[in-house]
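4 protein chains.
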Amino acid sequence: MTLSTPSAAAVHTPKVLESLDPAIAAHVCNVFAATPFMNALGVRVMVVAPGRVETAMTVLPEHRQQHGLVHAGVMASLADHTAGACASTAAPGIDVLSIEFKVNMLAPAQHGELYCIAQTLRAGRRVSVIEADVFSIVPGTVATIADRVVRATVTLSVRARG
Amino acid sequence: MTLSTPSAAAVHTPKVLESLDPAIAAHVCNVFAATPFMNALGVRVMVVAPGRVETAMTVLPEHRQQHGLVHAGVMASLADHTAGACASTAAPGIDVLSIEFKVNMLAPAQHGELYCIAQTLRAGRRVSVIEADVFSIVPGTVATIADRVVRATVTLSVRARG
Amino acid sequence: MTLSTPSAAAVHTPKVLESLDPAIAAHVCNVFAATPFMNALGVRVMVVAPGRVETAMTVLPEHRQQHGLVHAGVMASLADHTAGACASTAAPGIDVLSIEFKVNMLAPAQHGELYCIAQTLRAGRRVSVIEADVFSIVPGTVATIADRVVRATVTLSVRARG
Amino acid sequence: MTLSTPSAAAVHTPKVLESLDPAIAAHVCNVFAATPFMNALGVRVMVVAPGRVETAMTVLPEHRQQHGLVHAGVMASLADHTAGACASTAAPGIDVLSIEFKVNMLAPAQHGELYCIAQTLRAGRRVSVIEADVFSIVPGTVATIADRVVRATVTLSVRARG
Chain A
0 MTLSTPSAAA
10 VHTPKVLESL
20 DPAIAAHVCN
30 VFAATPFMNA
40 LGVRVMVVAP
50 GRVETAMTVL
60 PEHRQQHGLV
70 HAGVMASLAD
80 HTAGACASTA
90 APGIDVLSIE
100 FKVNMLAPAQ
110 HGELYCIAQT
120 LRAGRRVSVI
130 EADVFSIVPG
140 TVATIADRVV
150 RATVTLSVRA
160 RG
Chain B
0 MTLSTPSAAA
10 VHTPKVLESL
20 DPAIAAHVCN
30 VFAATPFMNA
40 LGVRVMVVAP
50 GRVETAMTVL
60 PEHRQQHGLV
70 HAGVMASLAD
80 HTAGACASTA
90 APGIDVLSIE
100 FKVNMLAPAQ
110 HGELYCIAQT
120 LRAGRRVSVI
130 EADVFSIVPG
140 TVATIADRVV
150 RATVTLSVRA
160 RG
Chain C
0 MTLSTPSAAA
10 VHTPKVLESL
20 DPAIAAHVCN
30 VFAATPFMNA
40 LGVRVMVVAP
50 GRVETAMTVL
60 PEHRQQHGLV
70 HAGVMASLAD
80 HTAGACASTA
90 APGIDVLSIE
100 FKVNMLAPAQ
110 HGELYCIAQT
120 LRAGRRVSVI
130 EADVFSIVPG
140 TVATIADRVV
150 RATVTLSVRA
160 RG
Chain D
0 MTLSTPSAAA
10 VHTPKVLESL
20 DPAIAAHVCN
30 VFAATPFMNA
40 LGVRVMVVAP
50 GRVETAMTVL
60 PEHRQQHGLV
70 HAGVMASLAD
80 HTAGACASTA
90 APGIDVLSIE
100 FKVNMLAPAQ
110 HGELYCIAQT
120 LRAGRRVSVI
130 EADVFSIVPG
140 TVATIADRVV
150 RATVTLSVRA
160 RG
């Protein structure tokens with residue numbers, strides 16, 4: 000049993016909002032590229048903006064639990080890491096680390112794509128709080144509220160990088 | 000980038016407490032065997048007892064985040080699934096599904112083994128609540144409080160199987 | 000030391016959206032009226048709508064902690080109960096009970112009014128999930144994102160009343 | 000409707016473990032005495048020890064919700080504040096503030112006493128994590144696992160006082 004990275008991950012180029020400091024955008028993308036577990040899951044960065052990051056991944060057989068649904072741990076991992084990226088957009092030169100997160104499973108996800116939207120609730124000097132929703136969608140369609148399968152709230156510690 | 004299952008997973012035989020209904024013990028082991036994501040992470044069932052399940056997994060490079068620490072999502076996945084198994088020990092013929100969970104990262108984990116101990120806080124007819132701690136240990140040693148890296152609390156929905 | 004109910008609570012009439020079943024609206028208002036702890040805190044129902052309830056309370060000296068800020072427990076109580084009311088709007092004849100909640104303190108609140116907006120994330124047959132935000136506002140003004148002091152996520156068990 | 004403080008609160012003297020720095024013990028007791036909301040609920044400090052604080056309060060009619068059970072917000076308030084006191088025992092001269100907490104209701108509480116036991120999961124330089132359990136007991140009896148009605152996990156920010 001192995002986790003194979005969808006090849007799309009390697010070639011995908013995220014949309015970066017012009018209003019975002021390019022150094023921050025580069026940092027966010029570099030962190031995803033340098034995170035083995037995100038690569039193993041096949042997570043792609045889709046959008047990087049001030050206070051908001053969006054990511055996607057393709058559901059593969061090895062992401063499932065015993066009933067064929069996407070494992071809660073897969074969705075939690077996606078939400079947590081996207082939240083971390085989102086918290087990183089608050090300022091240049093910061094590093095963030097998850098202190099804790101809480102995940103509510105709102106509906107089951109089975110196949111297609113998982114799309115995660117993380118948004119900043121609080122960007123603090125020491126502690127940030129991010130809301131991250133995961134949507135289960137057919138590839139290429141837009142996520143709506145009806146497709147939301149997970150709501151996560153992530154608390155992160157913020158420090159200067161160095 | 001792939002996730003390779005430690006071969007130990009295939010051959011490991013969990014300790015089952017005699018006080019546990021053998022049908023329940025078999026169900027717990029079957030659920031782990033039938034869960035692709037747990038197999039992909041290399042999770043082994045170590046102990047199955049009434050109201051308590053213990054699991055272990057070997058930290059591999061693909062489980063890490065950008066700083067070389069074990070990804071919070073890996074530890075959350077281990078805690079969530081072990082909690083589900085623990086909730087399943089409450090009665091024969093039940094099926095459980097995570098409603099939500101919360102995970103606090105208490106200390107970083109880097110290598111060696113992750114060992115998870117899940118214990119029942121409430122075994123209800125409709126809702127169960129499980130505490131799951133993850134420990135970072137050197138293989139073969141016993142987990143102590145000082146090795147605890149994660150505290151998770153998991154709420155599960157309980158239903159009759161079938 | 001006593002908690003005195005602002006007299007406004009007794010005379011306040013909530014706005015009820017026409018699209019809401021009047022029996023549900025009456026139930027929500029009755030539940031607040033029949034809840035001693037909400038009365039002790041001085042909580043007023045402001046808006047009742049399908050999938051959404053808004054409440055308010057006036058900060059009094061006895062709601063504070065040692066630094067003069069509103070106690071986290073006060074805001075959590077307001078969020079939890081408003082979330083329960085919100086979950087109750089999903090269908091007539093249901094009763095809800097909090098299974099668990101999580102509260103993030105985003106900013107301190109000190110005086111004036113607390114205003115709570117609860118919205119439905121999932122309205123299930125057995126389990127509902129509600130997001131409840133608390134805002135710290137000057138009486139009579141409208142709550143904005145900048146005034147948000149608490150984000151709560153509440154999981155509730157749903158049953159038929161009887 | 001008012002919240003009346005049980006007179007016991009004024010005269011109760013907590014047990015302080017000898018192994019605890021007296022300056023820390025005094026600080027914990029002073030914080031409770033200086034917290035109007037804890038006084039309004041009638042919370043008494045019972046035990047102060049390194050990494051552990053125990054408190055109690057008498058259930059009064061105004062602490063209840065619409066079904067006559069103790070309101071979840073009351074138990075959450077007790078757990079949160081006791082957790083804060085517990086985090087304060089880690090070192091002299093620190094101040095703590097709740098970042099977030101999560102509360103699971105394990106069983107209903109109706110009358111008698113609420114007894115809270117808070118224990119340290121992690122005492123950090125910047126962030127501490129405390130587990131706080133609330134028990135529903137008949138006055139004068141000892142809390143057992145069967146009496147546990149709430150499990151809370153509280154994350155706190157730690158700073159130097161000044």
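Protein chains in written order, with numbering that gives the first Met the number 0: chain A, 0 to 161; chain B, 0 to 161; chain C, 0 to 161; chain D, 0 to 161.
Note that the Cβ used here is the ideal one computed from N, Cα and C, for glycine as well.
Quick check on DSSP: helix, strand or coil for residue i?
| i | result |
| --- | --- |
| Glu112(C) | strand |
| Ala89(D) | coil |
| Thr34(B) | coil |
| Val27(B) | helix |
| Thr143(D) | coil |
| Asp79(C) | helix |
| Glu53(C) | strand |
| Leu155(C) | strand |
| Glu61(B) | helix |
| Val133(C) | strand |
| Ala48(D) | strand |
| Leu2(B) | With a pLDDT of 43 at Leu2(B), under the threshold of 50, the modelled position of that residue is not reliable, and the figure given next carries that caveat. Leu2(B) falls in the coil class under three-state DSSP. |
| Val73(D) | helix |
| Ala84(D) | helix |
| Leu120(A) | strand |
For the candidate residues the options, whose alpha-carbon lies nearest to that of residue i?
| i | options | result |
| --- | --- | --- |
| Val69(B) | Ala33(B), Ile129(B), Ala142(B), Ile136(B) | Ile136(B) |
| Val141(A) | Asn29(A), Gly92(A), Glu53(A) | Glu53(A) |
| Thr75(A) | Ala159(B), Arg160(B), Ser18(B), Val153(B) | It is worth fixing the name first, because residue 75(A) is Ala in this sequence and not Thr. Checking every option, the nearest Cα to that of Ala75(A) belongs to Val153(B). |
| Asp146(A) | Ala117(A), Pro107(A), Ile93(A) | Pro107(A) |
| Val128(A) | Val30(A), Gly41(A), Ile98(A) | Ile98(A) |
| Ala131(A) | Thr119(A), Gly67(A), Arg125(A) | Thr119(A) |
| Val58(B) | Gly41(B), His66(B), Arg121(B) | Gly41(B) |
| His80(A) | Lys14(A), Val30(A), Thr143(A) | Val30(A) |
| Leu96(D) | Met45(C), Gly72(C), Tyr114(C) | Gly72(C) |
| Met37(D) | Ile144(D), Ala78(D), Arg124(D) | Ala78(D) |
| Ile144(D) | Pro138(D), Val133(D), Ala151(D) | Val133(D) |
| Asp20(A) | Arg121(A), Ala89(A), Val148(A), Gly123(A) | Ala89(A) |
| Val149(B) | Gly67(B), Pro35(B), Ile116(B), Val126(B) | Ile116(B) |
| Val126(A) | Ser156(A), Ala25(A), Leu113(A) | Ser156(A) |
| Ala122(C) | Arg121(A), Pro35(A), Leu105(A), Leu16(A) | Leu105(A) |
| Gly67(D) | Gly67(C), Thr34(C), Pro49(C) | Thr34(C) |
Within its chain, find whatever has a CB closer than 6 Å to the CB of residue i; leave out the 5 residues flanking it on each side and keep chain order.
| i | result |
| --- | --- |
| Ala22(B) | Pro91 |
| Val27(D) | Val47, Ala84, Ser87 |
| Leu2(A) | The predicted model places Leu2(A) with a pLDDT of 42, which falls under 50 and marks its position as unreliable; any figure quoted below should be read in that light. Cβ neighbours of Leu2(A) beyond the five flanking positions: Ala39, Glu61. |
| Gln64(B) | His70 |
| Arg158(B) | Asp94 |
| Ala24(D) | Val15, Val47 |
Leaving out five residues on either side along the sequence, give the residues of the same chain with a beta carbon under 7 Å from the beta carbon of residue i.
| i | result |
| --- | --- |
| Arg160(B) | Gly92, Ile93, Asp94 |
| His110(B) | Val58 |
| Pro13(B) | Cys28, Val44, Met45, Val46, Val47 |
| Pro138(C) | Gly111, Glu112 |
Please report whether the beta-carbon of residue i lies at a distance below 9 Å from any beta-carbon of chain D.
| i | result |
| --- | --- |
| Ile93(C) | no |
| Arg51(B) | no |
| Val15(C) | no |
Using a Cβ-Cβ distance under 9 Å, would residue i count as near chain C?
| i | result |
| --- | --- |
| Ala106(A) | yes |
| Thr154(A) | yes |
| Arg158(D) | no |
Return no unless some Cβ of chain A is closer than 9 Å to the Cβ of residue i.
| i | result |
| --- | --- |
| Pro60(B) | yes |
| Glu99(D) | yes |
| Val47(B) | no |
| Leu96(B) | yes |
| Thr54(B) | no |
Please decide whether residue i counts as near chain E, where near means a Cβ-Cβ distance under 9 Å.
| i | result |
| --- | --- |
| Asn103(B) | Within the model displayed, chain E is absent; protein chains A, B, C and D are what it includes. |
Cβ of residue i within 8 Å of any heavy atom in the ligand ZN?
| i | result |
| --- | --- |
| Ala33(B) | Inclusion of the ligand ZN in the displayed structure is not the case, the ligand content being empty and no account of it being possible. |
Would you please verify whether the beta carbon of residue i is less than 9 Å from any beta carbon of chain B?
| i | result |
| --- | --- |
| Val30(A) | yes |
Short of 8 Å in beta carbon distance, which residues of its chain neighbour residue i, apart from the five on each side in sequence? Order them along the chain.
| i | result |
| --- | --- |
| Arg124(B) | Val157 |
| Gly50(B) | Cys85, Thr88, Ala89, Gln118, Thr119, Ala122 |
| Asn103(B) | Val149, Arg150, Ala151 |
Under 8 Å (Cβ pairs) to chain B, residues found in the region 119-133 of chain C: Arg125, Val126, Val128
Residues of the region 34-45 of chain D with Cβ closer than 9 Å to any Cβ of chain C, in chain order: Thr34, Pro35, Phe36, Met37, Asn38, Ala39, Leu40, Gly41
Members of the region 59-84 of chain C near chain D, C-beta cut-off 7 Å: Pro60, Glu61, His62, Arg63, Gln64, Gln65, His70, Ala71, Gly72, Val73, Ala75, Ser76, Asp79, His80
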